[in-house]
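Below is one structure, written out as structure tokens, with a few remarks after it.
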Ligand code: SF4
Ligand code: SF4
Ligand code: SF4
Ligand code: SF4
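Chains as they are written, first to last, in our numbering: chain G, 46 to 236; chain U, 7 to 556.
The following block contains the structure:
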């Protein structure tokens, strides 16, 4: 009886030590849920969600402070993925939210006065140019967040919708005729 | 006799090849206008080197290959470039792409060109020559050939020459082998040399007896170890992996490259253009195109790259009920957006289609999971599962089931009793997955840049704060020293004075009166007495004597 007690408490002690040790040794850095949410968000960094970027929004979702349906660039697909991840119900966008076609900013270099206000606004450093020099968008890294449009004092930035090119063209979902459902021998459509 | 192997599945659609093999290859007349796309190959678009108004010579480089995977584009004849701009090209999307429009002058005036000694030149130079000659795979894949001719880390044992041409209606390789076997063999010798392969295996389907005979004759004349191997007619024996399997029995698993198994496969027409490029310095300017289907005179033509499809099909006299042109065969081909598009390097066949020739498929029924498609699939996939996942947009699952090993051969759709357009689903799923991967990469880049910017702003802030602190410190120090400049000056003056005083005292102490050396004890006592009195007097005058006063 006593041996059993000693053995059991010995095992408990060892396991406890292992657990405690692994808790320290394999401590996860940062918050994995935030990372997972952030991986789903489109990283446009536009702030339309009401947060200053995707990561802050991810943090707010993880903390339960924000709804999952506030990111227009992510689309319904994004909401669905978030709902999946968090095990909550899918929620449609609030009224009036539309997903815009993908665009990049374009600076009219004849009008640009080199004030650098746009470079300060751009969340991904997609605008090149020094003070008092004209500025240019580095199109491949521009996320199309539109944050640079409003600050420009001479209104020289416009958004240009990215047109489909042969290299970005996608095969469409097949559309074809389906045979009408045949009636069963009893004159009723099968259930 | 060589033992042949079988690949999984395969189908036997009617071949419909005899219509277009009755007459030899005819050169297509020079068209009134050539529209030459700059992106005819796998990889990056070639960079235009000419402007509207430039006169170009036949074979002149007009599009420079750009970075990595790319290939060159040439003027197919001499004439004037009338425009560089967007035009609808031979692509399923029907979208425009960058093209050079060339108005031929009819002179056919060649740019200076000459062959190279490819056996003595460095391998890299030979490959560069092929790249600049715009040589790409002519079997339909249009992958730059120079990249396949690198002798990589794997030893290539067998060079496989693909003359199977399994797809119905298409006969361009058949006719080429009949008429230009010797040149194809020369090309094969070059490729064997470049890859340092031990043997050349030439696979041809048994429905091309003339081509087999011609190739056998030419191969026998070669010093290299070459073998023409007759393979049974079964679709798709011309798939690279399938043909290699038939010829060598080696199965190339999903996601594995043939080079890892010591094999490399080229189309016969590619071999010929490699030969012409290296022997004569002739870039790829034309190709053989089968024009068949709903036409009176189905035939093969040698066509300049850039020739308009409508002028080409007119040579074969299409029947009036023709309502669509298909580029490629009936199994894998794509409908052309219009007959105005031009022939490109990938155009092996143009089929004039009509509702009579290709009746629209009966309406589709739900999948009954009969698995006939799986039996027919030459890539040994589960097409019914792939269909299910593609249809429900479950792309991750589709990839798990090796969607990207599907060669889009259409064997599954061909046998499906429910007439489901299966390949359309696979193409849809593949392009969706590619787009998603692209989006993911863009998002990752944006995240990285955003985080970098955040950290930079943070760092800047910190640096600024530090600088501010530094400034304050120096300002403080400056203020302190600024508050006592005279004191500091005083200090130094005091020190000097002190030093002088001390010096004087030392001197005074050292300067002993000269007459004291020989003093009588009485005199000494007197002196001592006087000294004592002095000291007393000094003591009385300054209570803190002994400490020299300032
Ligand atoms: S709304 Fe904009 S900033 Fe917010 S999560 Fe979506 S993309 Fe990111
Ligand atoms: S350039 Fe303008 S639109 Fe593009 S990412 Fe920067 S701020 Fe956004
Ligand atoms: S052949 Fe057609 S019906 Fe049969 S399992 Fe395949 S997809 Fe389904
Ligand atoms: S199209 Fe793809 S899935 Fe269908 S039979 Fe061919 S390889 Fe198999």
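Glycine residues also receive a C-beta, built at the ideal position from the N, C-alpha and C atoms. As the structure is a computational prediction, the values presented were derived from the model and not from experiment.
Residue 207 (chain U) by DSSP, collapsed to three states: which one? strand
Environment of residue 519 (chain U) [buried if 16+ CB atoms lie within 10 Å]: At residue 519 (chain U), the pLDDT of 47 sits below 50, so the modelled position is not reliable; the number obtained from the coordinates is stated separately. Exposed, because fewer than 16 other Cβ atoms sit within 10 Å of the Cβ of residue 519 (chain U).
Closer than 7 Å at the beta carbon, the chain G residues around residue 318 (chain U): Per Cβ cutoff of 7 Å: no residues; residue 318 (chain U) is ~22 Å from chain G at best.
Would you list the one or two residues that DSSP bridges to residue 305 (chain U)? U:297
Should residue 427 (chain U) be flagged as near chain G, meaning a C-beta pair shorter than 8 Å? yes
May I have all residues whose beta carbon comes closer than 7 Å to any heavy atom of ligand 3, sorted in chain order? U:373, U:374, U:375, U:376, U:377, U:378, U:379, U:380, U:389, U:390, U:393, U:418, U:421, U:422, U:423, U:424, U:426 and U:428
Give a single yes or no on whether residue 117 (chain G) has its beta carbon closer than 7 Å to a heavy atom of ligand 1. yes
Assuming contact is defined by CB atoms lying nearer than 8 Å, are residue 81 (chain U) and residue 62 (chain U) in contact in what I supplied? yes
Between the region 84 to 100 of chain G and chain U, which residues of the former have a C-beta closer than 9 Å to a C-beta of the latter? 84, 86, 87, 88, 89, 90, 98, 99 and 100
Measuring only from the beta carbon, is residue 87 (chain G) closer than 7 Å to any heavy atom that is part of ligand 1? yes
Give a yes or no on whether the C-beta atoms belonging to residue 288 (chain U) and residue 119 (chain U) are separated by under 8 Å. yes
Identify the residues that DSSP records as bridge partners of residue 50 (chain U): which are they? U:76
Is residue 558 (chain U) a contact residue of ligand 4, with contact defined as CB to any heavy atom under 7 Å? Residue numbering for chain U in the displayed model covers 7 to 556; residue 558 (chain U) lies beyond these limits and cannot be assessed.
Whole angstroms is fine: what's the gap from residue 156 (chain U)'s alpha carbon to residue 138 (chain U)'s? 16 Å
Could you give the distance in angstroms between the alpha-carbon of residue 472 (chain U) and the alpha-carbon of residue 479 (chain U)? 10 Å
Proximity winner among U:132, U:247, U:158 and U:315, relative to residue 283 (chain U) (alpha-carbon distances): U:132
Segment contact flag, the region 166 to 180 of chain G with the region 447 to 456 of chain U, C-beta cutoff 8 Å, min 3 pairs: yes
Any beta carbon from chain U within less than 8 Å of residue 26 (chain G)'s own beta carbon? For chain G, the structure presents residues 46 to 236; residue 26 (chain G) sits outside this window and is missing.
Taking only the alpha-carbon atoms, compute the straight-line gap between residue 199 (chain U) and residue 125 (chain U) and give it to the nearest angstrom. 8 Å
Measure the alpha-carbon distance for residue 308 (chain U) versus residue 34 (chain U) and round it to whole angstroms. 6 Å
Can you pull the chain U residues whose beta carbon is under 8 Å from the beta carbon of residue 188 (chain G), in chain order? 448 and 452
Is the closest heavy atom of ligand 1 to the C-beta of residue 98 (chain G) under 7 Å? yes
Residues of chain G with CB under 7 Å from residue 99 (chain U), in chain order? 211 and 214
According to DSSP, is residue 238 (chain G) part of a helix, a strand, or is it coil? The question about residue 238 (chain G) has no answer, for chain G in this structure spans 46 to 236.
Looking at residue 184 (chain U): is its Cβ nearer than 8 Å to the Cβ of residue 217 (chain U)? yes
Residue 220 (chain U) to residue 412 (chain U) span [Cα, whole Å]: 34 Å
Spatial neighbours of residue 115 (chain G) in its chain, beta-carbon cut-off 6 Å, leaving aside the 5 residues before and after: 94
With a cut-off of 8 Å, does the C-beta of residue 129 (chain G) fall near any C-beta of chain U? no
Which residue wins for smallest C-alpha separation from residue 158 (chain U), given the options U:223, U:204 and U:266? U:266
Taking DSSP as the reference, what is the three-state secondary structure of residue 400 (chain U)? coil
List the DSSP bridge partners of residue 331 (chain U). U:358
Ignore the nearest five residues each way along the sequence and tell me which others in residue 323 (chain U)'s own chain have a CB closer than 8 Å to its CB. 301, 302 and 303
Alpha-carbon to alpha-carbon, residue 237 (chain U) and residue 211 (chain U): 5 Å
Could you tell me the distance, in whole angstroms, from the CA atom of residue 310 (chain U) to the CA atom of residue 36 (chain U)? 8 Å
Flag this pair as yes or no: are the beta carbons of residue 203 (chain U) and residue 247 (chain U) separated by less than 8 Å? no
Could you check whether the Cβ of residue 187 (chain G) sits closer than 7 Å to any heavy atom belonging to ligand 1? no
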